[in-house]
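Shown next, in C-alpha coordinates, is the structure this report addresses.
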Amino acid sequence: MNNKFEGVYPVLITPMNEDYSVNYEGMKENVQHYLDLKVAGIIIVGSTGEFASLDDDEKEKIITQVSEQVKGSETKLLVGIADERTDKVIEYAKFVEGTNADGHLLINSFYQTPTEEEAFHQFKDVNDVVTKPVMMYNNPFTANVDLENETIYKIDKELDKVQYIKESTGDIRKVRTLVENTDLVMFCGSDDLAYESFAVGATGWVSVAANIAPKSASKLYALMKEGKYEEARTLNKDLLPLCEFLEDSGKYVQIVKKAMDLKGLNGGPSRKPRLGLTDEETEKLKSLMEKLD
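Sequential numbering of the sequence shown, starting at 17, is according to our numbering.
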(Lines of atoms letter the chains of each structure in order from A and count residues from 1; the text may use other names and numbers.)
(Lines give C-alpha, C1' and ligand atoms only; values in the text may rest on other atoms or scores of the structure.)
Protein backbone atom coordinates (compact mmCIF):
# COMPACT_ATOMS: atom_id res chain seq x y z
CA MET A 1 0.00 0.00 0.00
CA ASN A 2 1.51 3.30 -1.07
CA ASN A 3 1.55 6.44 1.05
CA LYS A 4 0.12 4.62 4.03
CA PHE A 5 -1.97 6.67 6.43
CA GLU A 6 -0.89 6.42 10.06
CA GLY A 7 -0.61 8.59 13.15
CA VAL A 8 -2.97 11.19 14.59
CA TYR A 9 -5.48 12.91 12.30
CA PRO A 10 -7.43 15.81 13.85
CA VAL A 11 -10.95 15.86 12.42
CA LEU A 12 -11.47 19.56 11.87
CA ILE A 13 -14.39 21.81 12.67
CA THR A 14 -15.87 24.13 10.06
CA PRO A 15 -15.41 27.63 11.55
CA MET A 16 -18.35 29.97 11.20
CA ASN A 17 -19.08 33.66 11.47
CA GLU A 18 -21.63 35.03 13.91
CA ASP A 19 -24.28 34.93 11.16
CA TYR A 20 -23.62 31.17 10.77
CA SER A 21 -21.95 31.58 7.39
CA VAL A 22 -18.79 29.54 6.78
CA ASN A 23 -15.65 31.41 7.78
CA TYR A 24 -13.44 30.38 4.87
CA GLU A 25 -10.55 32.63 5.86
CA GLY A 26 -10.74 31.21 9.36
CA MET A 27 -10.65 27.71 7.91
CA LYS A 28 -7.48 28.63 6.07
CA GLU A 29 -5.86 29.91 9.27
CA ASN A 30 -6.89 26.80 11.21
CA VAL A 31 -5.54 24.45 8.55
CA GLN A 32 -2.25 26.35 8.43
CA HIS A 33 -1.96 25.92 12.21
CA TYR A 34 -2.02 22.14 11.82
CA LEU A 35 0.26 22.19 8.80
CA ASP A 36 2.78 24.22 10.80
CA LEU A 37 2.59 21.58 13.54
CA LYS A 38 3.21 18.92 10.89
CA VAL A 39 0.33 16.70 12.04
CA ALA A 40 0.20 13.36 10.23
CA GLY A 41 -3.12 14.17 8.60
CA ILE A 42 -6.34 16.16 8.81
CA ILE A 43 -9.93 15.28 8.01
CA ILE A 44 -12.50 17.79 6.79
CA VAL A 45 -16.27 17.74 6.23
CA GLY A 46 -16.72 14.97 8.78
CA SER A 47 -19.09 14.80 11.73
CA THR A 48 -17.00 17.30 13.68
CA GLY A 49 -17.03 19.49 10.57
CA GLU A 50 -20.86 19.59 10.67
CA PHE A 51 -21.13 17.93 7.25
CA ALA A 52 -24.88 17.36 7.67
CA SER A 53 -25.38 21.09 8.19
CA LEU A 54 -23.45 22.20 5.09
CA ASP A 55 -24.76 22.85 1.59
CA ASP A 56 -23.11 21.18 -1.40
CA ASP A 57 -21.50 24.39 -2.60
CA GLU A 58 -20.07 25.05 0.86
CA LYS A 59 -18.61 21.56 1.01
CA GLU A 60 -17.08 21.90 -2.44
CA LYS A 61 -15.56 25.27 -1.63
CA ILE A 62 -14.08 23.96 1.63
CA ILE A 63 -12.69 20.84 -0.06
CA THR A 64 -11.20 22.82 -2.93
CA GLN A 65 -9.64 25.41 -0.63
CA VAL A 66 -8.13 22.94 1.82
CA SER A 67 -6.89 20.53 -0.84
CA GLU A 68 -5.03 23.38 -2.53
CA GLN A 69 -3.62 24.50 0.81
CA VAL A 70 -2.19 21.11 1.75
CA LYS A 71 -0.65 20.56 -1.68
CA GLY A 72 3.05 19.86 -1.32
CA SER A 73 2.89 19.29 2.45
CA GLU A 74 3.56 16.01 4.23
CA THR A 75 0.19 16.22 5.99
CA LYS A 76 -2.40 13.86 4.50
CA LEU A 77 -5.93 15.03 3.75
CA LEU A 78 -9.01 12.85 4.04
CA VAL A 79 -12.46 14.14 3.13
CA GLY A 80 -15.80 13.01 4.52
CA ILE A 81 -18.20 12.00 1.74
CA ALA A 82 -21.17 10.76 3.76
CA ASP A 83 -24.80 11.24 2.80
CA GLU A 84 -28.07 9.38 3.19
CA ARG A 85 -28.22 8.74 -0.56
CA THR A 86 -25.61 6.61 -2.26
CA ASP A 87 -25.83 8.68 -5.46
CA LYS A 88 -24.91 11.78 -3.45
CA VAL A 89 -22.01 9.94 -1.82
CA ILE A 90 -20.74 8.99 -5.27
CA GLU A 91 -21.13 12.59 -6.42
CA TYR A 92 -19.01 13.79 -3.48
CA ALA A 93 -16.47 11.02 -4.04
CA LYS A 94 -16.02 11.96 -7.69
CA PHE A 95 -15.55 15.59 -6.70
CA VAL A 96 -12.88 14.65 -4.15
CA GLU A 97 -11.17 12.47 -6.76
CA GLY A 98 -10.51 15.62 -8.77
CA THR A 99 -8.69 17.38 -5.93
CA ASN A 100 -5.37 17.00 -4.11
CA ALA A 101 -7.03 15.10 -1.27
CA ASP A 102 -5.41 11.78 -0.39
CA GLY A 103 -8.52 9.76 0.41
CA HIS A 104 -12.14 9.46 1.47
CA LEU A 105 -13.83 8.87 4.83
CA LEU A 106 -17.20 7.11 4.53
CA ILE A 107 -19.85 6.08 7.02
CA ASN A 108 -22.97 4.16 5.97
CA SER A 109 -26.33 5.95 5.82
CA PHE A 110 -27.00 7.31 9.27
CA TYR A 111 -30.83 7.47 9.30
CA GLN A 112 -32.05 4.68 7.05
CA THR A 113 -30.50 1.91 9.19
CA PRO A 114 -29.26 -0.18 6.27
CA THR A 115 -29.02 -3.95 6.48
CA GLU A 116 -25.58 -5.52 6.45
CA GLU A 117 -25.97 -6.25 2.73
CA GLU A 118 -27.08 -2.68 2.00
CA ALA A 119 -24.16 -1.27 4.01
CA PHE A 120 -21.76 -3.49 2.06
CA HIS A 121 -23.14 -2.20 -1.22
CA GLN A 122 -22.82 1.41 -0.08
CA PHE A 123 -19.09 0.84 0.27
CA LYS A 124 -18.92 -1.26 -2.91
CA ASP A 125 -20.64 1.40 -5.02
CA VAL A 126 -18.06 3.95 -3.90
CA ASN A 127 -15.17 1.49 -4.18
CA ASP A 128 -16.04 0.90 -7.81
CA VAL A 129 -15.76 4.58 -8.86
CA VAL A 130 -12.73 5.85 -6.93
CA THR A 131 -8.98 5.55 -7.25
CA LYS A 132 -8.04 7.09 -3.89
CA PRO A 133 -8.20 4.91 -0.76
CA VAL A 134 -11.32 4.81 1.41
CA MET A 135 -11.47 4.73 5.20
CA MET A 136 -14.70 3.09 6.31
CA TYR A 137 -16.21 4.54 9.45
CA ASN A 138 -18.04 2.23 11.83
CA ASN A 139 -20.00 4.21 14.42
CA PRO A 140 -23.25 2.69 15.69
CA PHE A 141 -23.95 5.72 17.88
CA THR A 142 -24.43 8.05 14.92
CA ALA A 143 -25.23 5.62 12.11
CA ASN A 144 -27.54 3.24 14.01
CA VAL A 145 -25.63 0.29 12.58
CA ASP A 146 -22.72 -1.61 14.09
CA LEU A 147 -21.19 -3.34 11.10
CA GLU A 148 -20.79 -7.01 11.86
CA ASN A 149 -17.31 -8.47 11.76
CA GLU A 150 -18.31 -10.77 8.88
CA THR A 151 -19.42 -7.73 6.84
CA ILE A 152 -16.13 -5.99 7.53
CA TYR A 153 -14.24 -9.15 6.56
CA LYS A 154 -16.14 -9.20 3.27
CA ILE A 155 -15.40 -5.54 2.61
CA ASP A 156 -11.72 -6.16 3.36
CA LYS A 157 -11.59 -9.17 1.04
CA GLU A 158 -13.60 -7.84 -1.90
CA LEU A 159 -13.19 -4.05 -1.99
CA ASP A 160 -9.67 -3.06 -2.89
CA LYS A 161 -9.99 0.70 -2.29
CA VAL A 162 -11.36 0.26 1.24
CA GLN A 163 -8.02 -0.04 3.01
CA TYR A 164 -8.63 1.66 6.37
CA ILE A 165 -11.20 1.60 9.14
CA LYS A 166 -12.15 4.16 11.76
CA GLU A 167 -13.56 2.00 14.56
CA SER A 168 -15.85 3.90 16.94
CA THR A 169 -17.92 1.28 18.75
CA GLY A 170 -16.02 1.78 21.98
CA ASP A 171 -15.46 -1.99 22.10
CA ILE A 172 -11.74 -2.67 22.39
CA ARG A 173 -12.38 -6.36 21.67
CA LYS A 174 -13.73 -5.44 18.25
CA VAL A 175 -10.66 -3.32 17.56
CA ARG A 176 -8.40 -6.23 18.51
CA THR A 177 -10.39 -8.76 16.48
CA LEU A 178 -10.35 -6.62 13.33
CA VAL A 179 -6.62 -5.93 13.67
CA GLU A 180 -5.94 -9.65 13.97
CA ASN A 181 -8.28 -10.83 11.21
CA THR A 182 -8.16 -8.23 8.44
CA ASP A 183 -5.62 -6.34 6.38
CA LEU A 184 -7.40 -3.05 7.13
CA VAL A 185 -5.26 -0.37 8.73
CA MET A 186 -6.92 0.38 12.06
CA PHE A 187 -7.64 3.94 13.18
CA CYS A 188 -9.06 4.49 16.64
CA GLY A 189 -12.32 6.44 16.45
CA SER A 190 -13.13 6.55 20.17
CA ASP A 191 -11.12 9.35 21.77
CA ASP A 192 -11.23 7.77 25.22
CA LEU A 193 -9.75 4.48 23.93
CA ALA A 194 -6.72 5.75 22.02
CA TYR A 195 -4.13 4.27 24.39
CA GLU A 196 -5.86 0.89 24.47
CA SER A 197 -6.38 0.88 20.70
CA PHE A 198 -2.69 1.50 20.06
CA ALA A 199 -1.87 -1.28 22.51
CA VAL A 200 -3.86 -3.84 20.48
CA GLY A 201 -2.50 -2.78 17.09
CA ALA A 202 -4.16 0.41 15.86
CA THR A 203 -1.72 2.53 13.89
CA GLY A 204 -3.84 5.67 13.64
CA TRP A 205 -6.24 7.88 15.54
CA VAL A 206 -8.99 9.99 14.00
CA SER A 207 -9.12 12.38 16.90
CA VAL A 208 -11.48 15.11 18.03
CA ALA A 209 -9.19 15.84 20.99
CA ALA A 210 -6.27 16.47 18.63
CA ASN A 211 -7.98 19.64 17.47
CA ILE A 212 -7.47 20.99 20.98
CA ALA A 213 -4.26 19.23 22.01
CA PRO A 214 -2.51 18.19 18.78
CA LYS A 215 0.97 17.97 20.28
CA SER A 216 -0.16 15.85 23.23
CA ALA A 217 -2.20 13.53 21.02
CA SER A 218 0.65 13.09 18.54
CA LYS A 219 3.10 12.46 21.37
CA LEU A 220 0.86 9.71 22.78
CA TYR A 221 0.98 7.91 19.44
CA ALA A 222 4.75 8.38 19.13
CA LEU A 223 5.38 7.03 22.62
CA MET A 224 3.24 3.95 21.98
CA LYS A 225 4.95 3.33 18.66
CA GLU A 226 8.34 3.52 20.41
CA GLY A 227 7.20 1.09 23.09
CA LYS A 228 7.41 3.67 25.88
CA TYR A 229 4.21 2.42 27.46
CA GLU A 230 4.60 3.82 30.97
CA GLU A 231 5.41 7.29 29.67
CA ALA A 232 2.45 7.02 27.30
CA ARG A 233 0.17 5.91 30.14
CA THR A 234 1.15 8.97 32.17
CA LEU A 235 0.39 11.26 29.24
CA ASN A 236 -2.88 9.44 28.62
CA LYS A 237 -3.98 10.27 32.18
CA ASP A 238 -3.72 13.95 31.27
CA LEU A 239 -5.48 13.50 27.91
CA LEU A 240 -8.26 11.22 29.12
CA PRO A 241 -10.40 13.82 30.97
CA LEU A 242 -10.60 15.93 27.80
CA CYS A 243 -11.37 12.85 25.70
CA GLU A 244 -14.11 11.78 28.09
CA PHE A 245 -15.59 15.28 28.11
CA LEU A 246 -15.74 15.21 24.31
CA GLU A 247 -17.20 11.70 24.17
CA ASP A 248 -19.77 12.13 26.93
CA SER A 249 -20.95 15.74 26.55
CA GLY A 250 -23.00 15.46 23.36
CA LYS A 251 -21.39 18.77 22.42
CA TYR A 252 -18.08 17.70 20.89
CA VAL A 253 -18.44 20.12 17.97
CA GLN A 254 -19.21 23.07 20.23
CA ILE A 255 -16.38 22.13 22.61
CA VAL A 256 -13.83 22.14 19.81
CA LYS A 257 -15.16 25.41 18.43
CA LYS A 258 -14.90 27.09 21.83
CA ALA A 259 -11.41 25.66 22.29
CA MET A 260 -10.32 27.07 18.94
CA ASP A 261 -11.60 30.49 19.97
CA LEU A 262 -9.78 30.21 23.30
CA LYS A 263 -6.57 29.32 21.46
CA GLY A 264 -6.85 32.44 19.30
CA LEU A 265 -7.87 30.43 16.25
CA ASN A 266 -11.28 30.25 14.57
CA GLY A 267 -14.33 28.47 15.93
CA GLY A 268 -17.49 30.51 16.11
CA PRO A 269 -21.02 29.18 16.55
CA SER A 270 -22.50 25.93 15.28
CA ARG A 271 -25.55 25.81 13.09
CA LYS A 272 -28.76 25.07 14.95
CA PRO A 273 -30.10 22.92 16.42
CA ARG A 274 -26.68 22.81 18.10
CA LEU A 275 -26.43 25.29 20.97
CA GLY A 276 -23.27 26.73 22.47
CA LEU A 277 -21.57 25.77 25.72
CA THR A 278 -22.83 26.90 29.09
CA ASP A 279 -20.54 29.02 31.28
CA GLU A 280 -19.93 25.94 33.43
CA GLU A 281 -18.93 23.86 30.40
CA THR A 282 -16.62 26.61 29.18
CA GLU A 283 -14.86 26.77 32.53
CA LYS A 284 -14.46 23.00 32.56
CA LEU A 285 -12.94 23.14 29.08
CA LYS A 286 -10.47 25.83 30.15
CA SER A 287 -9.32 23.72 33.10
CA LEU A 288 -8.90 20.64 30.92
CA MET A 289 -6.80 22.55 28.40
CA GLU A 290 -4.29 23.75 31.00
CA LYS A 291 -2.20 20.55 31.09
CA LEU A 292 -2.25 19.94 27.34
CA ASP A 293 -0.76 21.39 24.19
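Every residue gets a Cβ at the ideal spot worked out from N, C-alpha and C, and that includes glycine.
### Message
One question on the structure: do LEU175 and ASN143 come within less than 8 Å of each other, judged by their Cβ atoms?
### Response
LEU175 is a Cβ neighbour of ASN143, given a cutoff of 8 Å.
### Message
By DSSP's criteria, MET152 is part of a beta bridge. Which residues make up the other side?
### Response
Answer is LEU122 and ILE181.
### Query
On the three-state DSSP scale, how would you describe TYR127?
Coil, per DSSP.
#### Entry: Member of GLU90, LYS148, GLY96 and THR102 whose CA lies at the smallest distance from the CA of GLY114
Looking at GLU90, LYS148, GLY96 and THR102, the one whose alpha-carbon comes closest to that of GLY114 is LYS148.
### Nearest-angstrom Cα separation, counted from MET152 out to GLU66
Answer to the nearest angstrom: the Cα atoms are 18 Å apart.
### Message
Helix, strand or coil, according to DSSP, for PRO26 in the structure here?
### Response
Reduced to three states, the DSSP call for PRO26 is strand.
### Message
If distances are taken between C-alpha atoms only, which option among ILE106, THR64, GLU263 and LYS110 comes closest to THR80?
### Response
The shortest Cα separation from THR80 among ILE106, THR64, GLU263 and LYS110 belongs to LYS110.
### Query
Touching or not, the segment 36-49 and the segment 233-242, by the rule of three or more beta carbon pairs under 8 Å?
With a cut-off of 8 Å on Cβ pairs, the segment 36-49 is not in contact with the segment 233-242, counting fewer than three such pairs.
### Task
Return the chain-ordered ranges of every beta strand (DSSP E) run that is complete within the segment 52-112 and spans a minimum of 3 residues.
Segments of the beta strand (DSSP E) lying fully in the segment 52-112: 57-60 and 92-96.
### Task
Sort out for me which residues DSSP pairs GLY217 with in a bridge.
Checking the DSSP bridge columns, you'll see GLY217 has no partner listed.
### Query
Cα separation between LEU5 and GLY23?
Here the chain covers residues 17 to 309 and nothing more, so residue 5 does not appear.
### Query
So, helix, strand or coil for PRO230, using DSSP?
Residue state, collapsed to three classes: helix.
### Task
Would you check if the distance between the CB atom of LEU325 and the CB atom of LEU255 is smaller than 8 Å?
Because the chain is modelled from 17 through 309, residue 325 falls outside the range shown and cannot be assessed.
### Query
Using the rule of at least 16 other Cβ atoms within 10 Å of the residue's Cβ for burial, across every protein chain shown, is LYS231 buried or exposed?
Only exposed fits LYS231, as fewer than 16 other CB atoms lie within 10 angstroms of its CB.
### Message
For PHE261, report the span of its beta strand (DSSP E) as first-last.
### Response
Segment 245-265 is the alpha helix (DSSP H) holding PHE261; no beta strand (DSSP E) there.
#### Entry: SER206 to GLY88 span [Cα, whole Å]
For the pair SER206 and GLY88, the Cα-to-Cα distance works out to about 30 Å.
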